[in-house]
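Trainee:
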Amino acid sequence: MTNLPPPLILLQSAITSSFLLLLLFGPIQSRADTSPRTFSVTDFGASGDGLRYDTAAIQSAIDACPGGQRCRVVFPPGGTYLTGTVRLKSGVVLEVRVGATVLGGARMEDYPREQWRWYVVVAENASDVGITGGGAIDGQGRAFVERFDERKNVMVSWNRTGACYGDECRPRLVGFLRCRNVVVSNVTLTQPAYWW
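According to mature numbering (1 follows the signal peptide of the UniProt record, and there is no 0), the sequence shown holds residues -30 to -1, 1 to 166 in order.
(1) E65 by DSSP, collapsed to three states: which one?
(2) Under a Cβ-count criterion, where at least 16 other Cβ atoms within 10 Å of its own Cβ denotes burial, should P162 be classed as buried or exposed?
(3) Which value, in whole angstroms, describes the spacing of the CA atoms of P82 and T55?
(4) Take the Cβ of W88 as the centre, count every other Cβ of all protein chains shown within 10 Å, and call the residue buried at 16 or more, exposed below.
(5) Under a Cβ-count criterion, where at least 16 other Cβ atoms within 10 Å of its own Cβ denotes burial, should R150 be classed as buried or exposed?
(6) With a threshold of 16 other CB atoms inside 10 Å of the CB of R140, please say whether the residue is buried or exposed.
(7) Just the Cα atoms here: how many angstroms apart are R7 and A31?
(8) Please state whether DSSP places R112 in a helix, a strand or coil.
(9) How would you call G74, buried or exposed, if buried means at least 16 neighbouring beta carbons within 10 angstroms?
See the structure below:
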């Protein structure tokens, strides 16, 4: 037992308690601040039935990520999420889980007006973005084929638009344009409509 006066004993106890609380909870708080936030596309209305378009729900989940923070946008297993172009922003990683498929739309109106932005998933001038999770992104490449042009050995589609040459009128799967710190891993990219 110490011989300190009562006010100093209280002060010493308060300092000791504060130090112990800092040791116990300080590291937990800092870890919580660095872990990415998670948003499920189904929480934003995605049906995952492969018939109805989930574009708005997927984009809403991406947009829910606060600027300057890291986020994961999750596609739960068992769903086929039909979508037009969705745009990633900095800090967002799509987590397409095993058994989930992001299915690119096959209509011209599913993609932006500018042909160079025709991607199922696109990010422009972004950093710390990516796709992972063990699932698949399917571009439905065969859905775009109107005919096979043997003269050029190409598949022709959307060639009635006049916007481009027939064999170039198809969207790509994934595009990271002028981006930094991009990670694409553990995801299957299949059936691209265009590969150039």
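Glycine residues also receive a C-beta, built at the ideal position from the N, C-alpha and C atoms.
Mentor: Answer, in terms of the structure:
(1) Of the three classes helix, strand and coil, the one that applies to E65 here is strand, per DSSP.
(2) Taking a 10 Å sphere around the C-beta of P162, we find 16 or more other C-beta atoms and assign the residue as buried.
(3) Straight across, the Cα-Cα distance linking P82 with T55 is about 7 Å.
(4) Buried, by the Cβ-count rule.
(5) By the Cβ neighbour-count rule, R150 is exposed, with fewer than 16 other Cβ atoms within 10 Å of its own.
(6) So R140 counts as buried.
(7) R7 and A31 have their C-alpha atoms roughly 11 Å apart.
(8) Assigned with DSSP and collapsed to three states, R112 falls in helix.
(9) Counting other Cβ atoms within 10 Å of its Cβ, G74 reaches 16 or more and is therefore classed as buried.
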